[in-house]
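**Q** Numbering (the working numbering), first residue to last: 12 to 534. Idealized CB from N, CA, C, for every residue including glycine. On a predicted model such as this, the values are computed, not experimentally measured, just so you know.
#1: Taking 8 Å as the cut-off, decide whether the C-beta atoms of residue 257 and residue 213 are in contact.
#2: Strictly by DSSP, which residues pair up with residue 366?
#3: Using only alpha-carbon positions, find the residue among 348, 342, 508 that is nearest to residue 319.
#4: Is it buried or exposed, residue 467, if we count other Cβ atoms within 10 angstroms and call 16 or more buried?
#5: Alpha carbon to alpha carbon, how far is residue 218 from residue 164? Give it in angstroms, no decimals.
#6: Quick one, which of 513, 529, 533, 531 has its alpha-carbon nearest residue 83's?
#7: Shortest alpha-carbon distance to residue 210 belongs to which of 90, 226, 386, 252?
#8: Check for me: the beta strand (DSSP E) holding residue 535 runs from which residue to which?
#9: What's the C-alpha gap between residue 387 and residue 371?
#10: Specify the secondary structure class of residue 176 as computed by DSSP and reduced to three states.
#11: So, at 8 Å on beta carbons, what are the nonlocal neighbours of residue 70 in its own chain, with the 5 sequence-adjacent residues on each side left out?
#12: Looking at the structure shown, is residue 315 part of a helix, part of a strand, or coil, going by DSSP?
#13: I need the straight-line Cα distance from residue 507 to residue 525, nearest angstrom please.
#14: Helix, strand or coil, according to DSSP, for residue 435 in the structure here?
#15: Tell me the rounded alpha-carbon separation between residue 122 and residue 464.
#16: By Cβ distance below 8 Å, which residues in the same chain neighbour residue 184 in space, the five residues on each side in sequence not counted?
#17: Going by DSSP, what residues sit across from residue 410 in a beta bridge?
#18: For residue 76, does the three-state DSSP call read helix, strand or coil?
#19: Between which two residues does the beta strand (DSSP E) holding residue 202 run?
#20: Just to confirm, is the Cβ distance from residue 236 to residue 223 under 8 Å?
#21: Just curious, the alpha helix (DSSP H) that residue 63 is in, first and last residue?
#22: Counting along the chain, where does the alpha helix (DSSP H) carrying residue 221 start and finish?
#23: Can you tell me which of 399, 400, 451, 523 puts its alpha carbon nearest to the alpha carbon of residue 424?
#24: Shorter than 8 Å from the beta carbon of residue 491 to some beta carbon of chain B?
#25: What separation, rounded to the nearest whole angstrom, lies between the Cα atoms of residue 322 and residue 461?
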């Protein structure tokens with residue numbers, strides 16, 4: 012009896028201890044939940060200077076940067092592409108201008124000023140936001156050199172305030188030939204916009220390119236920077252005072268780079284001019300009647316060579332993030348930028364359904380990779396704005412997201428491009444073990460020692476052999492919605508690279524090469 016009573020007593024004390032432990036645990040849990048809830052809106056840690064380098068993205072950036080060298084026209088300096096040489100040295104001569112520089116648009120040899128200017132603007136933006144990151148992986152100087160190769164051309168293409176040459180070469184004539192740029196013999200006529208034949212979108216985009224580039228070169232070459240800014244101001248005034256779409260005034264342009272409107276370029280250019288000058292008139296431009304007319308607040312759009320609204324919204328949100336605005340209309344731009352972000356995040360209640368099964372943003376079957384890569388760059392950048400300003404949450408309906416969610420989305424798009432896709436293939440030529448071999452690109456497809464004229468070079472277009480030259484860094488068009496890809500030189504919509512694709516992939520990779528952060532000022 013004594014032993015049994017002692018056993019029961021011990022068991023009773025054990026139960027008391029267990030219950031006490033459960034009660035204490037519950038109290039701790041409740042307190043922790045309250046503390047966590049109280050911390051929901053506290054800022055995330057501020058990112059510091061570039062930290063550990065992600066070698067995957069650093070190597071991809073080094074590869075991607077080289078396509079600018081592949082596309083250069085003119086007398087090449089320190090040429091790094093063994094199969095490229097001098098070309099188009101007399102471009103512009105009919106107008107007594109030197110338009111030999113610039114870059115070929117894609118796999119052909121036309122210089123289209125509209126997408127080329129967009130290339131320069133986006134490349135400038137990447138340099139301004141991620142200068143330290145680029146420098147950490149030795150890509151800042153190549154980026155600046157490529158940018159200047161374009162802006163040198165743009166400056167020469169603007170010989171007077173109300174005249175801008177927007178194209179070198181005739182696409183119809185050009186597309187009847189398949190030859191190396193070094194061997195071109197076809198005529199290369201010039202096309203201009205002026206007060207009688209306006210082209211607001213191309214003039215405004217060129218103004219944006221020059222204004223943003225003026226910031227890039229401000230410290231290294233103040234004279235060049237000042238020249239760029241003078242031209243940017245003149246071009247913006249020309250674009251705004253002589254409104255008209257170049258696609259309507261020069262209808263043949265609609266076949267290749269049809270513009271869907273010029274309001275976005277006007278806001279985009281004014282935004283860059285405000286950043287470059289701090290002139291309040293440009294801020295008033297985007298926040299006044301022009302903003303109301305063109306901003307399309309609350310209607311998210313895709314960032315591309317044709318539509319700059321999402322880019323302008325993110326760019327203007329800087330003014331809200333970094334405390335230099337106090338303007339309620341700027342908050343409309345920031346809210347619109349947030350709407351764009353909420354559409355991109357796959358777990359958001361307003362997430363776009365425009366995706367492949369594997370999660371790649373997919374908007375157009377022609378050059379499908381432009382939109383996901385450009386969107387990913389904006390997402391990474393916006394997340395960095397949040398992180399740098401200790402903005403903890405992005406609210407999308409009844410969900411909230413952190414800067415890390417935007418970066419995760421950006422990495423998903425980048426990784427898809429680099430080979431994490433159902434095809435296990437990189438769409439960035441020269442990166443990885445498997446990438447397109449039949450890129451639609453004349454120079455890459457024709458052996459260096461081949462002698463071809465205008466038409467007999469088509470044997471190389473139709474050849475069943477892989478390209479003899481690697482168009483290193485080319486971002487090809489990309490997959491179809493069903494995530495298939497036909498690697499054929501004649502499959503232009505999937506295998507042709509573009510220079511503006513290079514601008515967005517370089518920008519995206521620059522945002523990912525090291526730890527996340529953004530500069531507070533472009534000055």
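**A** Taking the definition as stated:
#1: yes
#2: Its beta-bridge partners are 372.
#3: 348
#4: exposed
#5: Across the structure, residue 164 and residue 218 are spaced so that their CA atoms are roughly 13 Å apart.
#6: 513
#7: 252
#8: Absent from the structure is residue 535, since the part of the chain shown begins at 12 and ends at 534.
#9: About 10 Å.
#10: strand
#11: 442
#12: Residue state, collapsed to three classes: coil.
#13: Our two residues, residue 507 and residue 525, have alpha carbons roughly 30 Å apart in a direct line.
#14: coil
#15: Each residue's alpha carbon lies about 20 Å from the other.
#16: 197, 198
#17: 407
#18: If DSSP states are grouped into helix, strand and coil, residue 76 belongs with the helices.
#19: Start and end: 201-205.
#20: Between residue 236 and residue 223, the CB-CB gap reaches or exceeds 8 Å.
#21: Unbroken run through residue 63: none, as it is neither H nor E.
#22: Per DSSP, the unbroken alpha helix (DSSP H) holding residue 221 starts and ends at 211-227.
#23: 523
#24: Structure shown: chain B not included; a single protein chain is present.
#25: 43 Å
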